[in-house]
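K.L.:
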Amino acid sequence: GGIITQTPKFLIGQEGQKLTLKCQQNFNHDTMYWYRQDSGKGLRLIYYSITENDLQKGDLSEGYDASREKKSSFSLTVTSAQKNEMAVFLCASSQGNAETLYFGSGTRLTVL
Amino acid sequence: TQTVSQSDAHVTVFEGDSVELRCNYSYGGSIYLSWYIQHHGRGLQFLLKYYSGNPVVQGVNGFEAEFSKSDSSFHLRKASVHWSDSAVYFCAAVNTGNYKYVFGAGTRLKVIA
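Protein sequence lines, in the order shown, are assigned to chains C and Y. The first sequence begins at 6 in my numbering and counts up one residue at a time. The second sequence begins at 149 in my numbering and counts up one residue at a time.
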């Protein structure tokens with residue numbers, strides 16, 4: 006088995022601040038994802054990466070950047086934090102397209 | 149537009165009852181459907197999936213789901229729920245050959261002991 010580790014678990018920032026969320030997986034999966042989960046709502050795709058050095062925009066990419074530094078890690082940067090984007094950010098990985106997703110436990114973002 | 153709809157935001161049942169959580173999709177092409185469970189404060193965990201073959205698929209912890217092309221549905225069922233099944237359940241869909249999963253809004257299941 007493997008695990009997905011997201012750091013930090015809780016992230017507090019000021020409005021307008023640049024903030025980075027990190028994700029590591031040891032499944033040796035090719036594909037990694039960043040989702041945003043707002044309270045009581047479903048998951049919305051921010052960015053995904055099919056393989057190392059690949060980046061693809063999801064439906065919610067505006068205001069975010071991503072970086073796939075190596076196969077095992079995928080970072081998400083909030084370029085200018087806003088109060089209306091307080092949410093839980095979930096990282097996931099999968100072996101390939103249409104394969105089972107494995108999720109981390111999330112990073113909860115609070116913007117003051 | 150590809151969509152996944154979960155019509156019930158909240159479902160409450162008693163322990164030992166059966167339950168059905170509904171999922172309907174609007175998709176073209178070959179589709180891969182799955183259900184995930186999210187316990188409070190945790191990430192999502194895979195329950196089961198369907199791509200082809202027998203429309204009734206079995207998952208972990210006694211869950212099963214049935215695919216219906218005519219109804220565009222993939223409802224999740226359990227014959228006898230336990231209090232530990234209390235969680236949020238998400239239906240998800242993706243076209244084969246694509247990477248972009250679409251998730252429903254989730255159904256919060258509360259099991260009263």
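All C-beta atoms, glycine included, are put in the ideal place defined by N, C-alpha and C. Predicted model, so just to flag it, every value in this text is computed and none were measured.
Rounded to a whole number of angstroms, what is the C-alpha to C-alpha distance between GLY21 (chain C) and PRO13 (chain C)?
P.N.:
Their backbone Cα atoms lie some 19 Å apart in a straight line.
K.L.:
From ARG41 (chain C) to TYR249 (chain Y), what distance separates their C-alpha atoms?
P.N.:
If I take the Cα positions, the gap works out to 13 Å.
K.L.:
Could you check the C-alpha separation between PHE15 (chain C) and GLY177 (chain Y) for me, to the nearest Å?
P.N.:
Approximately 40 Å between the Cα atoms of the pair.
K.L.:
Looking at the C-beta of TYR198 (chain Y), does it have a partner C-beta in chain C at a distance below 7 Å?
P.N.:
No - not a single Cβ of chain C is within 7 Å of the one on TYR198 (chain Y).
K.L.:
Can you tell me the Cβ-Cβ gap for ARG49 (chain C) and ASP70 (chain C), rounded? I've got them flagged as a contact below 8 Å.
P.N.:
ARG49 (chain C) to ASP70 (chain C), Cβ: 17 Å. No contact.
K.L.:
How many Å lie between TYR199 (chain Y) and SER80 (chain C) at the Cα?
P.N.:
Using only the alpha carbons, I get a separation of about 31 Å.
K.L.:
Are the region 172-190 of chain Y and the region 235-245 of chain Y touching by the rule of at least three beta carbon pairs closer than 8 Å?
P.N.:
Counting Cβ pairs under 8 Å, three or more are found: they touch.
K.L.:
Using only CA atoms, which one of C:LYS27, C:ILE51, C:GLY45 lies nearest to TYR101 (chain Y)?
P.N.:
With chain Y covering only 149 through 261, there is no way to say anything about residue 101 (chain Y).
K.L.:
At 7 Å on the CB atoms, spell out the chain C contacts of VAL242 (chain Y), in chain order.
P.N.:
Correct list: ALA103.
K.L.:
Mind listing the chain Y neighbours of LYS46 (chain C)? Cutoff is C-beta to C-beta under 9 Å, in chain order.
P.N.:
Neighbours of LYS46 (chain C) on chain Y, chain order: ALA253, GLY254.
K.L.:
To the nearest angstrom, how far is it from the Cα of ASP35 (chain C) to the Cα of SER54 (chain C)?
P.N.:
Cα to Cα, the separation comes out at about 8 Å.
K.L.:
For HIS223 (chain Y), collect the residues of the same chain with a Cβ closer than 7 Å to its Cβ; drop the 5 residues on either side in sequence, then sort them by chain order.
P.N.:
Excluding positions up to five away in sequence, the list reads GLU168, LEU169, ARG170, CYS171, ALA213, GLU214.
K.L.:
Measure from the C-beta of LEU192 (chain Y) to each C-beta in chain C and report whether the shortest distance is under 7 Å.
P.N.:
Interface residue, yes.
K.L.:
Taking only three categories from DSSP, how would you classify ASN89 (chain C)?
P.N.:
ASN89 (chain C): helix per DSSP, three-state reduction.
K.L.:
If you count every other CB in all the chains shown that lies within 10 Å of the CB of GLN19 (chain C), and 16 or more means buried, which is it?
P.N.:
It counts as exposed.
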